[in-house]
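Single-structure report; data block below.
2 protein chains.
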Amino acid sequence: MAKPRNAFYAQSGGVTAVINVSAAGVIETARKHRNKIGKVYAGRNGIIGALTEDLIDTSKESAANIAALKHTPAGAFGSCRYKLKGFDKNQAEYERLIEVFKAHDIGYFFYNGGGDSADTCLKVSQLSEKMGYPLQAIHVPKTMDNDLPITDTCPGFGSVAKYTAVSIREASFDLASMAKTSTQVFILEVMGRHAGWTAAAGGLAAEKDGDGPQVILFPEIVFDEARFLAKVDATVKKCGWCTIVASEGLHAPSGEFLSEAGGRDAFGHSQLGGLAPLLAKLLKDKLGLKYHWAVADYLMRAARHIASKTDLQQSYAVGKHAVELALKGKSGVMATIDRLSDKPYKWRAGEAPLSSVANVEKKMPRDFITADGFHITDKCRRYLAPLIQGEDAPPYRNGLPQYVTLKNAPVPKKCGPFEYKK
Amino acid sequence: MAKPRNAFYAQSGGVTAVINVSAAGVIETARKHRNKIGKVYAGRNGIIGALTEDLIDTSKESAANIAALKHTPAGAFGSCRYKLKGFDKNQAEYERLIEVFKAHDIGYFFYNGGGDSADTCLKVSQLSEKMGYPLQAIHVPKTMDNDLPITDTCPGFGSVAKYTAVSIREASFDLASMAKTSTQVFILEVMGRHAGWTAAAGGLAAEKDGDGPQVILFPEIVFDEARFLAKVDATVKKCGWCTIVASEGLHAPSGEFLSEAGGRDAFGHSQLGGLAPLLAKLLKDKLGLKYHWAVADYLMRAARHIASKTDLQQSYAVGKHAVELALKGKSGVMATIDRLSDKPYKWRAGEAPLSSVANVEKKMPRDFITADGFHITDKCRRYLAPLIQGEDAPPYRNGLPQYVTLKNAPVPKKCGPFEYKK
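Going down the list, the sequences are from chains Y and G. Note that my numbering has the first sequence beginning at 2, numbered continuously upward. Note that my numbering has the second sequence beginning at 2, numbered continuously upward.
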């Protein structure tokens with residue numbers, strides 16, 4: 002029987018509340034197959050760790066610490082924003098990867114990230130043939146943006162969706178209390194530069210007529226100031242107040258982001274402060290409404306304390322399934338979540354060829370957005386609702402969630418230094 | 002035995018995640034003393050409800066619905082921002098209050114709010130003597146700002162403190178993952194116009210060296226740009242990243258709010274967008290750091306999903322104790338939380354004369370802030386730590402917290418119309 006080869010695992014791109022759960026899925030599953038997979042080496046700061054031979058020996062971590070990753074947000078090994086260029090443009094980096102992988106007998110490459118990472122993973126899988134080095138590259142999906150194709154949902158999204166729906170429900174209750182003599186409009190700006198999934202999730206908080214949010218602004222629907230003002234005005238007249246979930250990626254008719262197009266001062270400089278304050282000022286100037294606004298930013302994607310249990314289960318499943326796919330001899334594929342039914346909600350882990358995944362962005366279908374462009378349809382609700390189901394609070398100590406910090410012991414280096422292209 | 006007289010209860014000022022818990026404390030305790038207290042009428046939108054005779058008959062609400070207030074954020078009866086002027090300036094409003102109270106045989110006045118409300122409650126208690134109408138006025142403290150004197154803490158604050166500490170811990174984990182190739186600074190702007198309690202609470206997340214937040218900006222410490230830049234620069238050099246909790250009430254050396262003083266454009270117009278983006282831009286321009294920022298605003302004070310159990314218990318206790326004080330014949334007092342010991346943390350409900358409470362603002366003592374002005378001291382930590390202890394998740398359905406909306410049935414009017422001064 003062949004000596005088990007080692008695995009490389011890395012986290013890439015913006016982290017989430019549950020990416021470490023996928024890490025636990027990979028590591029715990031690999032540990033169950035010691036006859037085939039030796040050690041799991043994690044890249045410190047993603048693929049940079051491979052290029053600089055800055056590897057972490059996860060076998061030095063206790064089972065308890067690896068299990069604790071299931072309740073720890075963000076990237077326990079460090080992530081990076083770094084996209085490998087094509088072979089022709091940067092062959093040195095690919096040769097370096099092979100050098101490092103060879104030196105540490107790495108036969109499995111698990112890359113945990115979004116669209117850009119899928120592209121990197123695809124390129125690494127192609128290395129195997131091109132450079133005659135046997136390597137199985139499997140992508141583990143992760144993105145709060147929910148914009149990867151083929152997979153029904155992206156691990157990380159369900160938790161962001163839950164955070165958004167819970168937060169706007171709570172803010173709506175607050176605003177309703179204050180509207181008589183004070184604030185009448187509240188705007189929550191959420192992340193999501195190109196696709197409106199995160200903003201859409203806020204719509205789940207509105208379960209019956211009169212619930213907030215009454216207005217959602219999607220990147221997929223070009224901003225129409227007059228129609229927006231009319232909608233908010235009518236809502237405040239009817240309900241006494243109006244809560245709005247606005248995607249940071251909202252577009253002006255010019256095609257620019259509204260936060261840039263609309264936020265210039267007299268010299269054409271971009272204003273500070275993003276979209277929410279811009280919309281707030283518009284509502285004050287044009288409708289005379291008193292406003293409050295919030296910008297969630299990192300808080301939403303790091304909010305392990307309010308993560309979706311469904312998302313946690315799926316995040317683990319894609320990590321586990323990636324290892325299983327590797328053990329079956331697969332390469333150049335992504336583990337996926339396949340939906341079997343909406344109600345009752347049933348799903349299983351599946352797979353998709355990376356060539357169909359890389360560089361494809363899944364936006365909100367038009368029939369997920371109401372005809373007036375300001376809310377989600379029942380069809381969207383059927384899609385989103387299962388993804389936020391279930392709670393799984395982290396352990397608390399001293400009133401605060403206890404998140405693990407790993408030892409992250411380095412693997413002794415065997416290669417020379419290498420400068421990656423910054 | 003005398004016929005039991007009715008009680009008036011109202012919510013005032015900015016609402017919190019737990020003000021309804023105090024309402025439940027008042028109503029459930031009153032219901033246990035039907036021989037002395039008749040019905041509890043709530044003011045719709047605070048004192049406005051008394052002035053306009055817009056009263057809610059809480060006896061129409063089921064015991065289950067009143068109990069559900071304990072897990073429902075915001076003001077179930079509506080709040081208001083409205084401060085009664087002095088007798089001499091607006092006698093008509095005081096006469097109107099007496100007219101409405103007489104018409105509905107109200108003998109108890111429970112007012113649930115912050116400093117301004119304490120002032121209103123004091124004035125109402127003085128009505129009793131001045132206008133010869135027997136009325137017991139008791140203040141039920143509530144403010145996320147934690148700035149009421151005498152009481153050890155203000156119901157509502159512990160939950161905001163917990164939200165802040167949890168959020169900045171989660172964002173710190175996120176930032177630490179990204180700092181190698183991307184964002185190095187994260188700023189969380191928190192509410193707190195005059196006192197730094199809320200920002201201070203973020204400091205609890207830093208339990209050991211290297212934990213975030215490394216920097217806290219208090220309204221009590223005048224902003225010094227050079228020292229701030231040096232502190233962040235040193236932190237990023239040491240840790241690789243830096244998280245900052247900034248109080249919206251941070252002051253410029255001129256005495257203005259920094260968000261106003263520093264955020265003017267070339268024409269002297271205030272910039273959109275508050276303090277966080279202003280600080281972020283400063284760090285980018287002067288230190289070349291890549292940043293993210295969030296503004297919590299209503300999200301923090303409405304976040305029942307992450308409320309402090311200690312705060313919930315204390316919020317209930319002040320509501321209950323207010324009724325008990327009334328039953329003892331007291332008036333012109335506020336129910337308080339009295340600390341008996343730090344460790345183990347022990348407290349009990351107490352009382353304070355409203356004349357010592359109204360219009361006094363409790364700021365952070367200087368010895369709660371480190372000598373360099375950028376963090377909290379151990380003394381502050383001993384004070385704050387008990388206040389965020391314990392969790393008490395609301396019930397969830399469909400993945401979302403289930404908050405109650407009361408029937409809020411109106412009490413039939415007996416008086417004529419009245420126009421209050423807007």
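A virtual CB, placed ideally from N, CA and C, is assigned to each residue, including glycine.
- I410(Y) - DSSP class collapsed to helix/strand/coil: For clarity, residue 410(Y) is Ala in the given sequence; the question names Ile instead. Looking at A410(Y) - three-state DSSP - the assignment turns out to be coil, as it is neither helix nor strand.
- Message: Just to confirm before moving on: does the CB-CB distance between F9(G) and H105(G) stay below 9 angstroms?
- Response: yes
- Endpoints, the alpha helix (DSSP H) within which P278(G) is located: 276–288
- Message: I'd like to know whether the C-beta of K414(Y) is nearer than 9 angstroms to at least one C-beta of chain G.
- Response: no
- Item | Proximity winner among R35(G), K414(G), V19(G), relative to P395(G) (alpha-carbon distances) | V19(G)
- Using 8 angstroms as the Cβ pair cut-off and three pairs as the minimum, do the region 396–413 of chain Y and the region 102–118 of chain G touch? no
- Message: With distance defined between alpha-carbon atoms, name the residue in R32(G), L128(G), K422(G) nearest to K61(G).
- Response: R32(G)
- Presumed contact (8 angstroms Cβ cut-off) between L388(Y) and A162(Y), rounded CB distance: 6 angstroms
- With distances taken between CB atoms, is the gap from A11(Y) to G47(Y) smaller than 9 angstroms? yes
- Query: If you follow the alpha helix (DSSP H) that S23(Y) is part of, which residue opens it and which one closes it?
  - Reply: 20–32
- Query: I222(Y): which of E29(Y), E130(Y), F369(Y) sits nearest, CA to CA?
  - Reply: F369(Y)
- Message: Using C-beta distances below 6 angstroms, list every residue in its chain close to M145(Y), excluding the 5 sequence neighbours before and after it, in chain order.
- Response: T17, G157, F158, V161, R302
- Within the 9 angstroms Cβ cut-off, does W348(Y) reach chain G? no
- Task: Could you work out which residues of chain Y lie near P354(G), taking near to mean beta carbons separated by less than 9 angstroms?
- Result: Within 9 angstroms Cβ-Cβ: nothing; P354(G) doesn't reach chain Y, min ~28 angstroms.
- Going by the beta-carbon positions, is the gap between V358(Y) and Y109(Y) smaller than 9 angstroms? no
- Task: Select from the region 8–39 of chain G all residues with a C-beta closer than 8 angstroms to any C-beta belonging to chain Y, and list them in chain order.
- Result: Q12, G15, V16, A18
- Query: In terms of DSSP beta bridges, what is D339(Y) paired with?
  - Reply: R349(Y)
- At 7 angstroms on the CB atoms, spell out the chain G contacts of D298(Y), in chain order. H293, W294, A295
- Query: Does any C-beta atom of chain Y lie closer than 9 angstroms to the C-beta of N46(G)?
  - Reply: yes
- On the three-state DSSP scale, how would you describe Q137(G)? strand
- Residue interval of the beta strand (DSSP E) (run including S248(G)): 243–248
- Query: In three-state terms, what does DSSP make of G213(G)?
  - Reply: coil
- Outcome for A202(Y) when other beta-carbon atoms lying within 10 angstroms are tallied against a minimum of 16: buried
- Flag this pair as yes or no: are the beta carbons of K143(Y) and S248(Y) separated by less than 9 angstroms? no
- Rank L189(G), T199(G), H322(G) by C-alpha distance to the C-alpha of G275(G) and give the top, closest one. L189(G)
- Task: State buried or exposed for D379(Y), treating a residue as buried only when at least 16 other CB atoms are found within 10 Å of its CB.
- Result: exposed
- Item | A267(Y) classed as buried or exposed, judged by whether at least 16 other C-beta atoms fall within 10 angstroms | Confidence at A267(Y) is low in this model, with a pLDDT of 49, below 50, so its placement is unreliable and the value that follows should be read with caution. That one is exposed.
- Among G333(Y), L385(Y), T337(Y), which has the Cα closest to the Cα of D343(Y)? L385(Y)
- Item | chain G contact for F187(Y) (CB, 9 angstroms cutoff) | yes
- Nearest-angstrom Cβ-Cβ length linking P411(G) and I57(G), presumed shorter than 8 angstroms: 7 angstroms
- Message: Using 8 angstroms as the cut-off, can you tell me whether the region 68–80 of chain G makes contact with the region 178–188 of chain Y, which would need three or more C-beta pairs spanning the two stretches below that distance?
- Response: yes
- Task: Report yes if the C-beta distance between G250(G) and H195(G) is below 9 angstroms; otherwise report no.
- Result: yes
- Query: Shorter than 9 angstroms from the beta carbon of P74(Y) to some beta carbon of chain G?
  - Reply: yes
- Message: Counting only C-beta atoms, is C155(Y) closer than 9 angstroms to chain G at any point?
- Response: no
- Message: Is P402(Y) close to chain G? Criterion is C-beta to C-beta, closer than 9 angstroms.
- Response: yes
- Task: Below 8 angstroms CB to CB, which residues in the same chain sit around N7(Y) once its five sequence neighbours on both sides are set aside?
- Result: I38, G39, K40, V41, Y42, H105, D106, I107, G108, Y109
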